[in-house]
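Asks:
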Amino acid sequence: MGEGVLTSGFARVDGALACEGVALERIAREVGTPTYVYSATMIRDRYSRLDSALSVLPHRIHYTLKANSNAGILRLLRELGAGVDIVSGGELYRALRAGFRGEDIVFGGVGKTERELREALEASVSLINVESEAEVRAIDRIAADVGTTARVGLRVNPEVTVDSSHRYIKTGERGAKFGIPFDEVLEVARVCASLTHVELVGLDMHIGSQLFRVDPYVDGVERLTGLLAAIRGEGIETLRYLDIGGGLGVSYSDEVSPDLGRFARALTSRVKATGLMLLMEPGRFIVGNAGMLLTRVLYRKHSGGRDFLVCDAGMTELIRPSHYDAYHRIESVQPNSGSITADVVGPICESGDFLALGREMDDAGAGDLLAVHDVGAYGYVMASNYNTRPRGAEVLVDGDRFAVVTVRERYEDLVHLETADPDWRTA
Ligand SMILES: *Cc1c(COP(=O)(O)O)cnc(C)c1O
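Under the numbering used here, residue 421 is the last one in the sequence shown; the count climbs by one each step, no gaps.
(1) Ignore the nearest five residues each way along the sequence and tell me which others in S378's own chain have a CB closer than 7 Å to its CB.
(2) Give a single yes or no on whether H322 has its beta carbon closer than 7 Å to a heavy atom of ligand 1.
(3) I need the DSSP call for E125, collapsed to helix, strand or coil.
(4) What distance in whole Å lies between the Cβ atoms of T58 and P210, which are believed to be in contact at a cut-off of 8 Å?
(5) When DSSP labels each residue in this structure, what does T441 get in the three-state scheme?
(6) Within the present structure, is the beta-carbon of E279 separated from the nearest heavy atom of ligand 1 by less than 7 Å?
(7) Does Y235 come out as helix, strand or coil in the three-state DSSP assignment?
(8) Taking the CB atoms as reference points, tell me whether V430 and D98 lie closer together than 8 Å.
(9) Please give me, in chain order, every unbroken run of the beta strand (DSSP E) with length at least 3 that falls completely inside the region 302 to 380.
(10) Under 8 Å: do the region 217 to 234 and the region -1 to 16 share three or more Cβ pairs, one atom per stretch?
(11) Counting along the chain, where does the beta strand (DSSP E) carrying G147 start and finish?
(12) Look up P384 in the DSSP assignment and say whether it is helix, strand or coil.
(13) With distances taken from CA atoms, which of P341, R314, D407, N381 is nearest Y162?
(14) One question on the structure: do I174 and A144 come within less than 8 Å of each other, judged by their Cβ atoms?
(15) Tell me, please, which residues DSSP counts as bridged to M271.
(16) Using a threshold of 7 Å, is the CB atom of P276 nearer than that to any non-hydrogen atom of ligand 1?
(17) Would G202 and G241 be called neighbours here (beta carbons separated by less than 8 Å)?
(18) If you pair each beta-carbon of the region 288 to 303 with each one of the region 362 to 377, do three or more pairs fall below 8 Å?
(19) Taking F348 as the reference, which of D357, P384, G308, G393 has the closest Cα?
(20) Assuming V150 and I133 form a contact by the criterion Cβ under 8 Å, report the distance between their Cβ atoms to the nearest whole angstrom.
(21) Do C186 and L194 have their C-beta atoms within less than 8 Å of each other?
(22) Does the Cβ-Cβ distance between R40 and I230 come in under 8 Å?
(23) Answer with buried or exposed for C13, where buried requires no fewer than 16 other C-beta atoms within 10 angstroms of its C-beta.
(24) Thinking C-alpha only, which one of V16, R23, P28 is nearest G340?
(25) Can you tell me the Cβ-Cβ gap for R38 and L74, rounded? I've got them flagged as a contact below 8 Å.
(26) May I have the straight-line CA-CA distance separating E110 from S82, to the nearest angstrom?
(27) If I measure Cβ to Cβ from R184 and keep anything under 7 Å in the same chain, skipping five residues before and after, which residues do I get?
(28) Give me, in chain order, the residues of the same chain whose beta-carbon lies closer than 7 Å to that of G(-4); leave out the 5 immediate sequence neighbours on both sides.
(29) Using alpha carbons as the reference points, say which of R23, A34, G332 lies closest to N394.
(30) Determine the DSSP secondary structure at L292, reduced to helix, strand or coil.
(31) Leaving out five residues on either side along the sequence, give the residues of the same chain with a beta carbon under 7 Å from the beta carbon of R402.
(32) Alpha carbon to alpha carbon, how far is V327 from L312?
(33) Relative to the C-alpha of V61, which candidate in L51, V50, I80, L261 has its C-alpha closest?
(34) For Y30, write down the residues that DSSP places opposite it in a beta bridge.
(35) At which residues does the beta strand (DSSP E) containing G196 begin and terminate?
(36) Roughly how far, in whole angstroms, is the beta-carbon of G373 from the beta-carbon of G285, given that I think they are within contact range, below 8 Å?
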């Protein structure tokens, strides 16, 4: 967003690719492959830029855990003053473990279970964004049981049109499973006001991901502002937060991110007029460009007129190319001058197992290291154990230091929940 945001944690030093002050070759040698590598400096930079762009408004940035929930990254963001946005009991557990307090936590998600809601209320989260009247009533009952009052926000489906790159990451259009249909919000607000263990404190939207234009946010805020007036018109004066969700886009190839200054300017007067505190829930924007996947080429082969680089990472490490048709830049870690057109594929028994198809890229062969860029968001968190493959390691680089922040899984980790000798139960 704006030139400044292009700050990259990855650059060539004497021809070889490094993350900040650490050669990727060294990380591969000491930690092995496949490994995710993150730049701490870049994560701090993204957070600070967004924070300062919004500084004219009372605001708080709640980093969205589901983009990348690694404990090392959470610690770094907590130290910067970030709050978090969670979507499950597991993420609540991670957030509390990383030292976030209830007041730092916003809980969203379309299908929260009774257990998750109870855990969130016991942790005194600052805000639960609800998606239906039925959920509000469930929360009221659970809060009574826990002996507390739940602070809730209404996740509104603002029914705005977004131009996100893939239909799986649009969430704010009419007919989406997310949010309360716009014309039912006022009624749900009335229900909140009638319940004794619920306090309506926020209006919320999350319109999609990988968004590049400011207007859907502006449209959405205007829609929420209209609702706010209607809710206040009913004598409900408890609202404190205007939560505009996440979705800020990042560049994977030649996309131009929206300018943060322009984004903030477009929102400032509109948000100020509401008198509410602005909450944002960025995920991809904070970590997307700050991570890369280090993989080694196992074999190069030619088949049916195509060149294949068979790597030790595939859809189990990074499902984005196959699930979202995502483009991720791939380059050779070692200095390289030649070029090839190849399918970069993984070892998994599945034709959807690829990192890139028909890609013109650096020449590479067996034993070479490849860097798959911009995988800091929705990368490792979507990794699977399909084909009984241990998940890879995660490494955090900070200046000229690096640390393993997730160790590579071992085979034992993959089977320890199973039993070959079942404890049969009968009626
Ligand atoms: C996924 C999600 C986000 C983060 O989206 P990004 O595009 O990664 O910024 C924010 N809020 C909610 C409710 C989400 O589900």
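Ideal Cβ placement from N, Cα and C applies to all residues, glycine included.
Replies: Taking the coordinates as given:
(1) Your numbering for residue 378 matches position 384 in the sequence shown. Excluding residues within five positions, the ones whose Cβ falls inside 7 Å are T310.
(2) Looking up residue 322 in the sequence shown gives position 328. No, the beta carbon of H322 sits no closer than 7 Å to any heavy atom of ligand 1.
(3) One-based indexing of the sequence shown puts residue 125 at position 131. E125 falls in the coil class under three-state DSSP.
(4) Here residue 210 refers to the residue found at position 216 of the sequence shown. Here residue 58 refers to the residue found at position 64 of the sequence shown. Contact flag wrong, Cβ pair sits at about 18 Å.
(5) Here the chain comprises residues numbered -5 to 421, so residue 441 is not present and cannot be evaluated.
(6) Stepping through the sequence shown from its first residue, residue 279 is reached at position 285. A small correction: the amino acid at residue 279 is Phe; Glu does not occupy that position in the sequence shown. Yes; taking the cut-off as 7 Å, the Cβ of F279 has a heavy atom of ligand 1 nearer than that.
(7) The residue you call residue 235 lines up with position 241 of the sequence shown. DSSP places Y235 within a strand segment (E or B) once states are collapsed to three.
(8) Within the shown structure, residues of the chain are numbered from -5 to 421, placing residue 430 beyond reach of any answer.
(9) 324 to 326, 333 to 339, 348 to 356, 363 to 366
(10) no
(11) Counted from its first residue, the sequence shown places residue 147 at position 153. That run of the beta strand (DSSP E) goes 144 to 151.
(12) Sequence index remark: in the sequence shown, residue 384 carries index 390 (1-based). DSSP places P384 in coil when its eight states are reduced to three.
(13) Along the sequence shown, read from residue 1 onward, the residue named residue 162 stands at position 168. Minimum Cα distance to Y162 is reached at R314.
(14) By 1-based counting over the sequence shown, the position of residue 174 is 180. By 1-based counting over the sequence shown, the position of residue 144 is 150. Contact flag unset, no.
(15) As a first step, residue 271 must be located in the sequence shown, where it is residue number 277. Y235.
(16) Within the sequence shown, the letter at position 282 stands for residue 276. Yes, Cβ of P276 sits closer than 7 Å to a heavy atom of ligand 1.
(17) Looking up residue 202 in the sequence shown gives position 208. Looking up residue 241 in the sequence shown gives position 247. In contact: G202 and G241 (Cβ atoms closer than 8 Å).
(18) yes
(19) As a first step, residue 348 is located in the sequence shown; it is residue number 354 there, counting from the start. Per the Cα distances, G308.
(20) Taking the sequence shown and counting its residues from 1, one reaches residue 150 at position 156. Taking the sequence shown and counting its residues from 1, one reaches residue 133 at position 139. The Cβ separation is near 17 Å, so there is no contact.
(21) The residue given as residue 186 occupies position 192 in the sequence shown. The residue given as residue 194 occupies position 200 in the sequence shown. Closer than 8 Å, so yes.
(22) By 1-based counting over the sequence shown, the position of residue 40 is 46. By 1-based counting over the sequence shown, the position of residue 230 is 236. Going by C-beta atoms, R40 is not nearer than 8 Å to I230.
(23) By one-based count along the sequence shown, residue 13 stands at place 19. Classification for C13: buried.
(24) Within the sequence shown, the letter at position 346 stands for residue 340. Per the Cα distances, P28.
(25) Taking the first residue of the sequence shown as 1, we reach residue 38 at position 44. Taking the first residue of the sequence shown as 1, we reach residue 74 at position 80. Indeed, because the Cβ distance is near 6 Å, the residues count as touching under 8 Å.
(26) In the sequence shown, counting from the first residue as 1, residue 110 sits at position 116. In the sequence shown, counting from the first residue as 1, residue 82 sits at position 88. Using only the alpha carbons, I get a separation of about 7 Å.
(27) Here residue 184 refers to the residue found at position 190 when the sequence shown is read from its first residue. Excluding residues within five positions, the ones whose Cβ falls inside 7 Å are E228.
(28) For the purposes of this step, residue -4 is identified with residue 2 of the sequence shown, where counting begins at 1. Since pLDDT at G(-4) reaches only 43, below the 50 mark, its modelled position is unreliable, and the value read off the structure follows with that caveat. Only D253, L254, G255 meet the Cβ criterion.
(29) Working through the sequence shown from its first residue, we reach residue 394 at position 400. A small fix is needed here, since residue 394 is Asp in this sequence, not Asn. D394 has its Cα closest to that of A34, out of R23, A34, G332.
(30) Position 298 of the sequence shown, counted from the first residue, corresponds to residue 292. Reduced to three states, the DSSP call for L292 is strand.
(31) Looking up residue 402 in the sequence shown gives position 408. G26, P384, G386, A387.
(32) Here residue 327 is taken as the residue at index 333 of the sequence shown, counted from 1. Here residue 312 is taken as the residue at index 318 of the sequence shown, counted from 1. In a straight line, the C-alpha of V327 is about 18 Å away from that of L312.
(33) On the sequence shown, residue 61 is found 67 positions in, with the first residue counted as 1. It should be pointed out that residue 61 corresponds to Ala in this sequence rather than to Val. The shortest C-alpha separation from A61 is found at I80.
(34) Counting from one through the sequence shown, the residue named residue 30 turns up at place 36. DSSP lists L287, E388 as partners of Y30.
(35) In the sequence shown, the residue the question calls residue 196 occupies position 202. Unbroken beta strand (DSSP E) run through G196: 192 to 198.
(36) Position 379 of the sequence shown, counted from the start, is the residue given in the question as residue 373. Position 291 of the sequence shown, counted from the start, is the residue given in the question as residue 285. Yes, they are in contact, since the Cβ atoms of G373 and G285 sit about 6 Å apart, within 8 Å.
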